[in-house]
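S.K.: From first to last, the protein sequence lines stand for chains A and B. Residue numbering for the first sequence follows the numbering used here, starting at 9 and increasing by one per position. Residue numbering for the second sequence follows the numbering used here, starting at 1140 and increasing by one per position.
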Amino acid sequence: MKVFTQAVRHDLRILYRTGYIVTTVIILGLLALAASRLHFTAMSSVAMPLAAIVLILGIMTPFLSVSIMFLSERNEGILTSLGVMPVRPLTLLLARTLVLSVLAGTEMFVLFSIAFGSSIDLGLLIIGLLSLAIPSVLFGVTGVSPFTALHEFILPMTLWVLFLSLPAFLTLRGVDPQWLLWHPMAPAHRLISAAFGSTEPGTLLFGLAGSAIWTLIAGSLALRSLARMRLTAVE
Amino acid sequence: MIRVEDVGFAYGSQPPAIDGLSFEIAKGEIFGFLGPSGAGKTTTQKILLKLLKGYSGTIEVMGRPLASWGRAYFQKIGVCFEFPSNYAKLTALENLRFFAGFFSGPTADPMQLLEEVGLGHAANQRVEQFSKGMQIRLNVARSLLNNPELLFLDEPTACLDPANARAIRDLIARRRDEGATVFLTTHDMAVAEALCDRVGLLVHGRLAALDAPRTLRLAHGERKVEISYVLEGQPGTEIFDLDGLDTNERFTHLLHNAHIETLHTLEPTLDDVFIKLAGRTS
């Protein structure tokens, strides 16, 4: 637990030193100011499209943050250094997932709770945002693992974000979301749409169970990717 | 401390990176691992650091098969990589404190370690402002955090000026005197000569030589002596066989009649041995 806490503190410090936290606070403040003037009223008829927008925005921050963090750590030789330390990769992965998921979730929560206020279910929104951010972080580790430079990763990164956002894009195009129940982000999409008033049956069960399953899958892929990144950094 | 017996490893279907590698390192020994680029030094080090699996043969470290060690292995060893590997956005002190937090046992005082490697003045400076030499010294400091029984040092004096290189060499020697075993990978023959009790020369994945630096030099040198002199106003240089030198009339004549400027045996340097063995095998 001591190592986990230290890893969490360390990641927060790195994010602070790289300017991520300050930049986020400033941008979030501006967006929140804009959101507070909009005064949306959520309606169940537009729940799925609204959830789609949250999905797209909510995937990008954690996915990009984690991939860029690991990419720079790999190139700086830090992953290799950590590989010869008495710390389990799982501990580091859990710490980073927690930090980035909570930060990304908080950003989205602040924006949407200001914009929609009491017209949405804030509890469900939190659960939905976390079920969105956690797999996004974990898929980010897998996505970046074959690459050693940011410019190599730009197109694959775009593809990953498009793929993970697929339920959102298809929903916005009017495609029936039932076609995408297999998708890793479908459970999160359903949970967020429930927060906006969607009343599809079985949403909570499907959302929670699906998110848990996809988190496990993404987590095990991320661990394997982390091991590969650690090894290939030793040259 | 380390026993490697008939170890081989190949990356996929490529030819073996190391083949039939056998050596032992005693506790408290500084073992130099030398070899040209691509000889298999990094592969061997990766295997010993448990970063590579799938090797053949037997490896024992600290009395246990290497494969049987878990994460506890890293509580007992220290590793200094050749490349800078610290958080650029953190200070030197913050880096050391972060890594020290992973060890369950007592750790050295990070500030004292920074003083030891000559970075005391830069303790609160961000690593992104460090030169490569400073970063290597920080790597060395990090490898000593847990007072390791076994140290893996990869080019610890690379990019260092002579004064700092000497300070690091002295530090390594002190650790050896305190009982640590050191596995030193280097291209710097002067470092190997000055520090190592024994060196292994790896060429094409096989050990081409394994002995004390002095023994290797003597074994691969010519038993000759070179004399530079001034005789009757004329400078000259001649080379004589060491064997039978005491009865060599010309040599005796020079000693008695010439002004001797220099006189030394022609044993090769470790560089010469390296080039001879690496060149011959390749």
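Even for Gly, the Cβ is constructed at its ideal location relative to N, Cα and C. Everything numeric in this text was worked out from a predicted model, so none of it was measured.
Within 8 Å (strictly less), CB to CB, does B:Gly-1344 reach chain A?
M.R.: Locating residue 1344 of chain B in the second sequence gives position 205, counting from the first residue. By the rule that beta-carbons nearer than 8 Å mark a contact, B:Gly-1344 does not touch chain A.
S.K.: Please tell me whether B:Leu-1232 and B:Ala-1206 are closer than 8 Å, where the distance is taken between their beta carbons.
M.R.: Taking the first residue of the second sequence as position 1, residue 1232 of chain B is located at position 93. Taking the first residue of the second sequence as position 1, residue 1206 of chain B is located at position 67. Contact: no.
S.K.: Could you tell me the boundaries of the beta strand (DSSP E) in which B:Ile-1169 lies?
M.R.: Here residue 1169 of chain B refers to the residue found at position 30 when the second sequence is read from its first residue. Residues 1169-1173.
S.K.: Name, going along the chain, the residues of the region 178-196 of chain A whose beta-carbon falls closer than 9 Å to a beta-carbon of chain B.
M.R.: none
S.K.: Taking the alpha carbon of A:His-197 as the reference point, which residue from A:Ala-59, A:Ser-127, A:Ile-134 has its own alpha carbon closest?
M.R.: Position 189 of the first sequence holds residue 197 of chain A. Measuring from the Cα of A:His-197, the nearest candidate turns out to be A:Ala-59.
S.K.: Please work out which residues of its chain come closer than 8 Å, Cβ to Cβ, to B:Leu-1229, disregarding the five sequence neighbours upstream and downstream, and give them in chain order.
M.R.: On the second sequence, residue 1229 of chain B is found 90 positions in, with the first residue counted as 1. Correct list, in chain order: Phe-1237, Arg-1265, Val-1266.
S.K.: Does DSSP classify A:Glu-81 as helix, strand or coil?
M.R.: Taking the first residue of the first sequence as position 1, residue 81 of chain A is located at position 73. In this structure, A:Glu-81 counts as helix in the three-state DSSP scheme.
S.K.: Contact defined as beta carbons within less than 8 Å: I believe B:Glu-1144 pairs with B:Arg-1337. What is the distance between those atoms, to the nearest angstrom?
M.R.: Locating residue 1144 of chain B in the second sequence gives position 5, where the first residue counts as 1. Locating residue 1337 of chain B in the second sequence gives position 198, where the first residue counts as 1. In fact, because the Cβ distance is near 17 Å, the residues do not count as touching under 8 Å.
S.K.: Given that B:Pro-1223 touches chain A, what residues does it touch there, using C-beta distances under 8 Å?
M.R.: Reading the second sequence from its first residue, position 84 is the one you call residue 1223 of chain B. Chain-ordered, the chain A residues with CB closer than 8 Å to the CB of B:Pro-1223 read Glu-84, Gly-85.
S.K.: Quick one: using the 10 Å Cβ neighbour count with 16 as the cut-off for buried, is A:Thr-223 buried or exposed?
M.R.: What you label residue 223 of chain A is simply residue 215 of the first sequence in a count that begins at 1. That one is buried.
S.K.: If B:Phe-1291 and B:Leu-1173 are in contact, beta carbons under 8 Å, what's the gap, nearest whole angstrom?
M.R.: Position 152 of the second sequence, counted from the first residue, corresponds to residue 1291 of chain B. Position 34 of the second sequence, counted from the first residue, corresponds to residue 1173 of chain B. About 15 Å; that fails the 8 Å criterion.
S.K.: Spatial neighbours of B:Asp-1385 within its chain, please: C-beta separation below 6 Å, excluding the five flanking residues on both sides.
M.R.: Start at 1 with the first residue of the second sequence, and residue 1385 of chain B comes out as number 246. Counting only residues of its own chain and dropping the five nearest sequence neighbours on each side, B:Asp-1385 has no CB closer than 6 Å to any other CB.
S.K.: Threshold first: 3 residues or longer. Then list the beta strand (DSSP E) segments lying entirely within the region 1381-1416 of chain B, N to C.
M.R.: 1398-1404
S.K.: Quick check on the DSSP output: what are the complete beta strand (DSSP E) runs of length 3 or more inside the region 1259-1310 of chain B, in order along the chain?
M.R.: Runs of the beta strand (DSSP E) inside the region 1259-1310 of chain B: 1289-1293.
S.K.: Quick one: does the C-beta of A:Phe-155 sit closer than 7 Å to a heavy atom of the ligand GDP?
M.R.: Inclusion of the ligand GDP in the displayed structure is not the case, the ligand content being empty and no account of it being possible.
S.K.: So who's on the other strand from B:Cys-1219, going by DSSP bridges?
M.R.: Taking the second sequence and counting its residues from 1, the one referred to as residue 1219 of chain B is at position 80. DSSP lists B:Leu-1292 as partners of B:Cys-1219.
S.K.: Please report the distance separating the alpha-carbon of B:Thr-1182 from that of B:Lys-1192.
M.R.: Indexing the second sequence from 1 puts residue 1182 of chain B at position 43. Indexing the second sequence from 1 puts residue 1192 of chain B at position 53. Near 10 Å, if we compare the C-alpha coordinates of B:Lys-1192 and B:Thr-1182.
S.K.: Under 8 Å between C-beta atoms, does B:Val-1200 make it to chain A?
M.R.: One-based indexing of the second sequence puts residue 1200 of chain B at position 61. It does not: the Cβ of B:Val-1200 has no partner Cβ on chain A nearer than 8 Å.
S.K.: Give me whichever residues DSSP pairs with B:Glu-1144 in a beta bridge.
M.R.: Your numbering for residue 1144 of chain B matches position 5 in the second sequence. DSSP links B:Glu-1144 through a beta bridge to B:Thr-1197.
S.K.: Since I believe B:Ala-1417 is in contact with B:Pro-1175 (beta carbons under 8 Å), could you give me their beta-carbon distance rounded to a whole number of angstroms?
M.R.: On the second sequence, position 36 is the one that residue 1175 of chain B refers to. On the second sequence, position 278 is the one that residue 1417 of chain B refers to. Indeed they touch by this definition, with Cβ atoms about 5 Å apart.
S.K.: Mind checking who B:Arg-1203 pairs with in its DSSP beta bridge?
M.R.: On the second sequence, position 64 is the one that residue 1203 of chain B refers to. B:Val-1200.
S.K.: So that I know if they touch, is there some Cβ in chain A lying closer than 8 Å to that of B:Leu-1205?
M.R.: Position 66 of the second sequence holds residue 1205 of chain B. Not closer than 8 Å to any Cβ of chain A, the Cβ of B:Leu-1205 fails to qualify, so no.
S.K.: Kindly give me the distance between the Cβ atoms of B:Ile-1275 and B:Pro-1295, rounded to whole angstroms, as I take these residues to be in contact under 8 Å.
M.R.: Your numbering for residue 1275 of chain B matches position 136 in the second sequence. Your numbering for residue 1295 of chain B matches position 156 in the second sequence. Correct: roughly 7 Å between the Cβ atoms.
S.K.: What is the DSSP secondary structure of B:Glu-1255, reduced to helix, strand or coil?
M.R.: In the second sequence, the residue the question calls residue 1255 of chain B occupies position 116. B:Glu-1255: helix per DSSP, three-state reduction.
S.K.: Could one say the Cβ of A:Met-9 lies closer than 8 Å to chain B's Cβ atoms, at least one of them?
M.R.: Taking the first sequence and counting its residues from 1, the one referred to as residue 9 of chain A is at position 1. No - not a single Cβ of chain B is within 8 Å of the one on A:Met-9.
S.K.: Going by other Cβ atoms of all chains shown within 10 Å of its Cβ, with 16 needed for buried, is A:Trp-168 buried or exposed?
M.R.: If you number the first sequence from 1, residue 168 of chain A lands on position 160. With 16 or more Cβ atoms within 10 Å of its Cβ, A:Trp-168 is classed as buried.
S.K.: Measure the Cβ-Cβ separation of A:Pro-195 and A:Ser-109 and say whether it is below 8 Å.
M.R.: What you label residue 195 of chain A is simply residue 187 of the first sequence in a count that begins at 1. What you label residue 109 of chain A is simply residue 101 of the first sequence in a count that begins at 1. Going by C-beta atoms, A:Pro-195 is not nearer than 8 Å to A:Ser-109.
S.K.: In chain B, what lies closer than 9 Å to A:Met-93 by C-beta?
M.R.: Counted from its first residue, the first sequence places residue 93 of chain A at position 85. When 9 Å is used as the limit between beta carbons, A:Met-93 is near these residues of chain B: Arg-1210, Phe-1213, Val-1218, Phe-1238, Phe-1241, Phe-1242, in chain order.
S.K.: Return helix, strand or coil for B:Pro-1249, following the three-state DSSP convention.
M.R.: For this step, residue 1249 of chain B is matched to residue 110 along the second sequence. Helix at B:Pro-1249.
S.K.: Is the beta carbon of A:Ser-73 sitting closer than 8 Å to the one on A:Phe-161?
M.R.: On the first sequence, position 65 is the one that residue 73 of chain A refers to. On the first sequence, position 153 is the one that residue 161 of chain A refers to. The answer is no: Cβ separation not under 8 Å.
S.K.: Verify the CB distance criterion: does B:Ile-1157 have a CB-CB separation below 8 Å to chain A?
M.R.: Here residue 1157 of chain B corresponds to residue number 18 of the second sequence, with the count starting at 1. No, because no Cβ of chain A sits closer than 8 Å to the Cβ of B:Ile-1157.
S.K.: On a Cα-Cα basis, can you pick out the residue from A:Arg-17, A:Gly-37, A:Leu-216 that is closest to A:Ile-122?
M.R.: As a first step, residue 122 of chain A must be located in the first sequence, where it is residue number 114. Out of A:Arg-17, A:Gly-37, A:Leu-216, A:Gly-37 has the C-alpha closest to the C-alpha of A:Ile-122.
S.K.: If you check the beta carbons only, do B:Glu-1400 and B:Val-1369 fall under 8 Å apart?
M.R.: Walking along the second sequence from the start, residue 1400 of chain B turns up at place 261. Walking along the second sequence from the start, residue 1369 of chain B turns up at place 230. Closer than 8 Å, so yes.
S.K.: Could you check if A:Glu-243 is buried or exposed, using at least 16 other CB atoms within 10 Å of its CB as the buried criterion?
M.R.: Within the first sequence, residue 243 of chain A is the residue found at index 235, counting from 1. The predicted model places A:Glu-243 with a pLDDT of 45, which falls under 50 and marks its position as unreliable; any figure quoted below should be read in that light. Exposed, by the Cβ-count rule.
S.K.: Tell me, which residues are paired with B:Asp-1350 by DSSP?
M.R.: Your numbering for residue 1350 of chain B matches position 211 in the second sequence. DSSP, once it has assigned bridges, lists B:Val-1338 as partnering B:Asp-1350.
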